[in-house]
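The structure under discussion appears below in the form of structure tokens.
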Amino acid sequence: MTPQPPEGLSASSLITAKGAELKFWIKVLNVSGNVDTLRANLATYYGLDLTINPRTEAITAPTVNEDIRDRQWADLAAMGVEWRDKVRAGIQFKLLTQDKHSAFPILSAAQDLLPTKNNGAPTRSVHSNSELKILPTAAPVKLQSGSGHSSMSAINPPAPTQPSVTIPSTINPSSAAGPVSQLEVAALDDLSTAIAGLERCEGLQAIIQQIESGAVKAIRDRYGPSKPGHRGTADASWSKYSNLVSKRERLHRILIQDFEGDKERFFGFFSVPPPAAKKRKRAANEPTTSDEHFRSFRKIVEAVPWCEADLTAERRKDQYLGADGNFSEALWSGQWKTMNSWEVWREIGRERYVKEK
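This note's numbering puts the first residue of the sequence shown at 10, with every later residue one more than the last.
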């Protein structure tokens, strides 16, 4: 019967073992001899096959999942914030601090993508007195479905037959590495506006999805005050985002607090029947899946104080007063059962989404 090898001894570990390890394992055998002899003696004694190549575990690449994508976008967002803050402070932003070509504002690198008088060849440097060509406006390209040529023509239109006009570059070589340009400031301001525009989606279902995606919270975390009520600590751009964020947060509280997160009940309550004319038109067409048959989320949010005021007045009625003359939650629950505030508001006939005159 072949003896069992001690713990840690296998064919693969034996092949790579050094002299000290071999002598440690071979205590039961003759410890004399060179490394190969010791290795062979151990293999013979424990019945190990040294001709088998040891397996190496395959190294797998990291899984591309949502967490990795989130970190990538977070890095890009952090870089954008750093760029914007430096521009506002009048400090030049360098993307590659060790590259000799990074000593000029990033936006001026766009000049490399424009045709020049050197037969359209791009140049890496903006420190020379380069000139830009203004090409005549090409005629619009008409795309046709199924035409690969048309698609490529839209990307690479034919060279214009009219002569181009050459104008001097507006970038001063001496100032290329200097303070940030007004163009860069304007571009970053436009970027902030574009981000805000991307967040302005419409429709009740779309807004709820947007909130649950974390997009609204991200805007508050980035631009809002560090603590609730500390308006002075907010970003200078917060005034552009505060109303957008607060209305969406208020809508989400209605879903979570009043409707206890029940989306079917929530969307069912705030749905509105389509107009009769549209109903007849839809009969012959595809059914719609848009938000057009839900009440406007802005109207819902604006109705919150009206709902609260009407319910406060309802609670003051004698029928909800207990023996001590105060409001009785038990009497209220006995009357309205499991209805929430919005459902009670509808039941008492006070529901409205237009301000009373």
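Yeah, the Cβ is synthetic: ideal placement off N, Cα and C, and Gly gets one too.
For residue 276, the uninterrupted alpha helix (DSSP H) segment begins and ends at 272-278. By the neighbour-count criterion, in which a residue is buried when 16 or more other Cβ atoms sit within 10 angstroms of its Cβ, residue 51 is buried.
Within a 10 Å sphere around the beta-carbon of residue 312 sit 16 or more other beta-carbons, which makes this residue buried. Note on geometry: alpha-carbon atoms of residue 23 and residue 61 lie some 11 Å from one another.
The straight-line gap separating the alpha-carbon atoms of residue 330 and residue 344 is approximately 12 Å.
If you draw a 10 Å sphere on the C-beta of residue 316, you find 16 or more other C-beta atoms in it, and that means buried. The three-state secondary structure of residue 102, taken from DSSP, is coil. A buried status is given to residue 319, since no fewer than 16 other beta-carbon atoms sit within 10 Å of its beta-carbon.
Within a 10 Å sphere around the beta-carbon of residue 309 sit 16 or more other beta-carbons, which makes this residue buried. According to the DSSP assignment, residue 230 belongs to the alpha helix (DSSP H) that extends over 224-232.
For residue 233, the number of other beta carbons within 10 angstroms of its own is at least 16, and it is reported as buried.
Only exposed fits residue 357, as fewer than 16 other CB atoms lie within 10 angstroms of its CB. Straight through space, the alpha carbons of residue 338 and residue 227 are spaced by roughly 38 Å. In the three-state DSSP reduction, residue 59 falls in the coil class, being neither helix nor strand. In the structure shown, residue 306 falls within a helical segment according to DSSP collapsed to helix, strand and coil. A residue is called buried when at least 16 other Cβ atoms come within 10 angstroms of its Cβ; residue 303 meets this threshold and is buried. For residue 336, the pairing in a beta bridge is given by DSSP as 330. DSSP, reduced to helix, strand and coil, places residue 256 within a helical segment of the structure shown.
When 254, 250, 230 and 354 are compared, the shortest CA-CA separation from residue 217 is found for 254. Sequence-distant partners of residue 280 (beyond 5 residues in either direction) whose C-beta falls short of 8 Å from its own C-beta, in its chain, are 302, 303 and 304. Around the beta carbon of residue 96, 16 or more other beta carbons sit within 10 angstroms, so the residue counts as buried.
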